[in-house]
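Asker: Residue numbering for the sequence shown follows the numbering used here, starting at 58 and increasing by one per position.
Mind having a look at this structure? Questions to follow.
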Amino acid sequence: MNTSTLQDLCKAIGGRLRTDAPAPYGQPLGSVATDSRCVNPGDIFWALRGLNHDGNDFVAEAFERGAAGAITSEPFEPPVGRWTIEVADTQIALWNWARYKRLRFTGTLIAVTGSVGKTTTRQMIHTVLRRRLKGTASLRNHNNHIGVPLSMLAIEPDHDYAVLELGASGPGEIAALAGLCVPKVGVITHVGDAHLGGFGSRRGVAEAKAELLASLPPDGQAVLVDDPWIRRIAGRCRTPIVWVGRSANCDVKPDEVAGVGGRLAFIVDGCQFEIPVWGRHHLNGALSAIAVGRMLGLDLLDMAAALAEFSPVPMRCEVLQLRGATVINDAYNANPASMHAALELVRDFDAPGRRIVVCGDMAELGDDSSCYHFRLGGEVVTVCGADLLIACGRFARNVVDGARSAGMPTTRTIPCITPEDALPFLGQAILPGDVVLVKGSRSMNMERVVEAFRAYPRRRSA
58 MNTSTLQDLC KAIGGRLRTD APAPYGQPLG SVATDSRCVN PGDIFWALRG
108 LNHDGNDFVA EAFERGAAGA ITSEPFEPPV GRWTIEVADT QIALWNWARY
158 KRLRFTGTLI AVTGSVGKTT TRQMIHTVLR RRLKGTASLR NHNNHIGVPL
208 SMLAIEPDHD YAVLELGASG PGEIAALAGL CVPKVGVITH VGDAHLGGFG
258 SRRGVAEAKA ELLASLPPDG QAVLVDDPWI RRIAGRCRTP IVWVGRSANC
308 DVKPDEVAGV GGRLAFIVDG CQFEIPVWGR HHLNGALSAI AVGRMLGLDL
358 LDMAAALAEF SPVPMRCEVL QLRGATVIND AYNANPASMH AALELVRDFD
408 APGRRIVVCG DMAELGDDSS CYHFRLGGEV VTVCGADLLI ACGRFARNVV
458 DGARSAGMPT TRTIPCITPE DALPFLGQAI LPGDVVLVKG SRSMNMERVV
508 EAFRAYPRRR SA
């Protein structure tokens, strides 16, 4: 329940309030919406300026949909019984409102970052903690300069915890977000080749993740996955560190790890865990959640019960049965590390048919993009042992060339410009019993392949 009022909002962001007299300062606030099409009655419409649209142009529409008020950077006279607050910069006002909410929160704020796995890890932490505690977590994958403050608005003074996901595409961004949300616990999942166009190298990625460690207070704690690059930056941390992973020197480590039939099973300190996820690459996220749960006083049995009911995040290793084939919808995003993990999942998948990979571009890899995509093509053969490759996007030819150089026949490698171009090949090729991986960067919208495949009639086995 939102306990903040219009008076709190005015105090936090300043600006000029326009409303009927007298002003309804004691009025409880509704949810914040930044898209006028998503406004519900009683919401606050926050008119942000973006690259393609100016929210100020949609204030009237927001009020037509029932908004109680709006934050604008241009004058707007509200309808009767409604209000507006005009500020110089609505983005700065959003950060100021998030900062105000953070100051009223005395629980534990946990920030999660990493090149891969941060969304699933964040959700696993939330799943564990809400078993016994009251709290909130980032909305979807809201992890940038707009998403983080929006997620912070859900934090209430009586919450025990909040889990926020921090993303970055360039230096200084995590430091800024950490300065806004002021985490007590920091979790780093992985350092890999992601957003190299902004960071330049894996070392640059590591330096960015270290910004989270530098932000933690001396009485905070860090949960770090046992990763060579994370080990290199661990010295930036002033707080105690809990290491998670399979190495003997880790503080939280698993025994008897097995991934069978859509369940990840392992034992921690004698307690059996079974999580309904596909792929062993989810192990470090689960161990991180266990480490955070211990910090906040949960016991292993409670955490095992919570993770047994974990709901995987859509379009992240989401396993679907379509037209008799198994489709792994991992279309939300992609970089070299997550692609490798997905190919391992396909390799280990117990399926009677063929292994088919439908991949899109991996974005933001900078000057080495062609090399990374060529290497991906090789891994489709050497890691996954795929029977058919359909590559989409600007770098499709590089992926195909890599696969052919690793020994895949030319007739089984198909380059396409767009996901739509791949659909005729896919619809004709897939048979019942096949396992199909669909994966690419967010900009590729590879989920269109999955949705279109639903429309194809089921084929009989050859």
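Even glycine gets a Cβ: it sits at the ideal position worked out from N, Cα and C.
(1) For Arg511, is the classification buried or exposed, using 16 other Cβ atoms within 10 angstroms of its Cβ as the cut-off for buried?
(2) Determine the closest residue to Val242 out of Glu222, Ser172, Leu494, Thr165, with distance taken between C-alpha atoms.
(3) Would the beta-carbon of Val495 fall within 8 Å of that of Met501?
(4) Rounded to the nearest angstrom, how far is the Cβ of Ala343 from that of Met181, given a contact under 8 Å?
(5) Is Asn392 buried or exposed, if buried means 16 or more other CB atoms sit within 10 Å of its CB?
(6) With DSSP collapsed to three states, give me the class of Trp152.
(7) For Ile347 and Val185, what's the separation of their Cα atoms in angstroms?
(8) According to DSSP, is Thr296 helix, strand or coil?
(9) Alpha carbon to alpha carbon, what distance is there between Ala463 and Ala363?
(10) Hey, how far is the Cα of Cys328 from the Cα of Val314?
(11) For Arg454 versus Pro481, is the C-beta spacing smaller than 8 Å?
(12) In the region 62-90, which residue ranges form an unbroken beta strand (DSSP E) of at least 3 residues, counting only runs that do not cross its ends?
(13) How about Ile231 and Lys175: do their beta carbons lie closer than 8 Å?
(14) Ordered along the chain, which non-local residues of its own chain (more than five positions away) have a Cβ less than 6 Å from that of Thr91?
(15) I need the straight-line Cα distance from Phe133 to Ala150, nearest angstrom please.
(16) What does Trp103 pair with, by DSSP beta-bridge criteria?
(17) Can Met372 and Met396 be called in contact, C-beta distance under 8 Å?
(18) Take Val325 and list the residues in its own chain whose beta-carbon comes closer than 7 Å to its own, dropping the five residues that flank it on each side.
(19) Taking only runs of the beta strand (DSSP E) that begin and end inside the region 159-237, which ones reach a length of at least 3 residues, in chain order?
(20) How many Å lie between His339 and Leu321 at the Cα?
(21) Kindly identify the DSSP beta-bridge partner or partners of Asn386.
(22) Measuring only the C-alpha atoms, how far is Glu121 from Glu143?
(23) Do the CB positions of Arg75 and Thr141 come within less than 8 Å of each other?
(24) Assuming Tyr82 contacts Thr62 (C-beta within less than 8 Å), just tell me the rounded distance between them.
(25) Who does Ala315 pair with in a DSSP beta bridge?
(26) Use the C-beta contact count for Asp276: other C-beta atoms within 10 angstroms, 16 or more gives buried, fewer gives exposed.
(27) Identify every residue that forms a DSSP beta bridge with Gly243.
(28) Starting from Pro472, trace the beta strand (DSSP E) in both directions and tell me its first and last residue.
(29) Please list, in chain order, all residues of the same chain as Leu433 whose beta carbon is under 6 Å from its beta carbon, the five residues on each side excluded.
(30) Would you report the Cα separation of Leu350 and Arg451, rounded to the nearest angstrom?
(31) Roughly how far, in whole angstroms, is the beta-carbon of Glu541 from the beta-carbon of Ala365, given that I think they are within contact range, below 8 Å?
(32) Within a Cβ cutoff of 8 Å, which residues of the same chain sit near Ala479, ignoring the five residues on either side of it in sequence?
(33) Bridge partners for Leu445 per DSSP, in chain order?
(34) Go through its chain and collect everything with a Cβ distance to Ala211's Cβ below 6 Å, but skip five positions before and after it.
(35) Under DSSP, the beta strand (DSSP E) around Phe330 begins and ends at which residues?
(36) In the DSSP assignment, the alpha helix (DSSP H) including Thr467 goes from what residue to what residue?
Answerer: Walking through what the data contain:
(1) Its Cβ having fewer than 16 others within 10 Å, Arg511 is exposed.
(2) Thr165
(3) no
(4) 6 Å
(5) buried
(6) Looking at Trp152 - three-state DSSP - the assignment turns out to be helix.
(7) 7 Å
(8) coil
(9) 43 Å
(10) So the two alpha carbons sit approximately 12 Å from each other.
(11) Contact: no.
(12) You should have 73-76.
(13) No. Outside cutoff.
(14) Trp103, Leu105
(15) 17 Å
(16) According to DSSP, Trp103 bridges with Ile128.
(17) no
(18) Val309, Pro311, Ile347, Leu357
(19) DSSP runs (the beta strand (DSSP E)) wholly in the region 159-237: 165-170, 192-194, 218-222.
(20) Those two C-alpha atoms are separated by around 8 Å.
(21) Glu375, Val495
(22) Rounded to whole angstroms, Glu121 to Glu143 spans 19 Å at the Cα level.
(23) yes
(24) 6 Å
(25) In the DSSP output, where bridge partners are listed per residue, Ala315 has Ala322.
(26) exposed
(27) Beta-bridge pairing links Gly243 to Ala168, Ala279.
(28) 470-473
(29) Met396, Val456
(30) Reading off the sequence, residue 350 comes out as Gly, not Leu. Distance between the alpha carbons of Gly350 and Arg451: 43 Å.
(31) Since the first residue of the chain shown is 58 and the last is 519, residue 541 is not available in this structure.
(32) Val415, Ile447, Cys449, Ile471, Cys473, Val506
(33) Ile413
(34) Thr193
(35) 328-332
(36) Note, Thr467: premise wrong, no alpha helix (DSSP H); not H, not E.
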